[in-house]
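First residue of the sequence shown? That's 55 in the numbering used here, and the numbers climb one at a time after it.
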Amino acid sequence: MTGKIEFRYAEINENFNINETEIKKRIRLSSLFK
Numbered sequence: 055m056t057g058k059i060e061f062r063y064a065e066i067n068e069n070f071n072i073n074e075t076e077i078k079k080r081i082r083l084s085s086l087f088k
């Protein structure tokens, strides 16, 4: 049971990290076009 919860948390955390890098990329791109 706890293993499932940990796995789910890791999955969410991974998605969050991907979104964070996407946001950073977009910020970098938008600052280039300013």
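Ideal placement from N, C-alpha and C gives every residue a C-beta, glycine not left out.
For residue i, the first and last residue of its enclosing alpha helix (DSSP H)
| i | result |
| --- | --- |
| F70 | 56-86 |
C-alpha gap between residue i and residue j, whole angstroms
| i | j | result |
| --- | --- | --- |
| N73 | K58 | 23 Å |
| I66 | K78 | 18 Å |
| N69 | R62 | 11 Å |
| S83 | E76 | As written in the sequence, residue 83 is Leu, which differs from the Ser given in the question. About 11 Å. |
| N71 | L86 | 23 Å |
| A64 | I81 | 26 Å |
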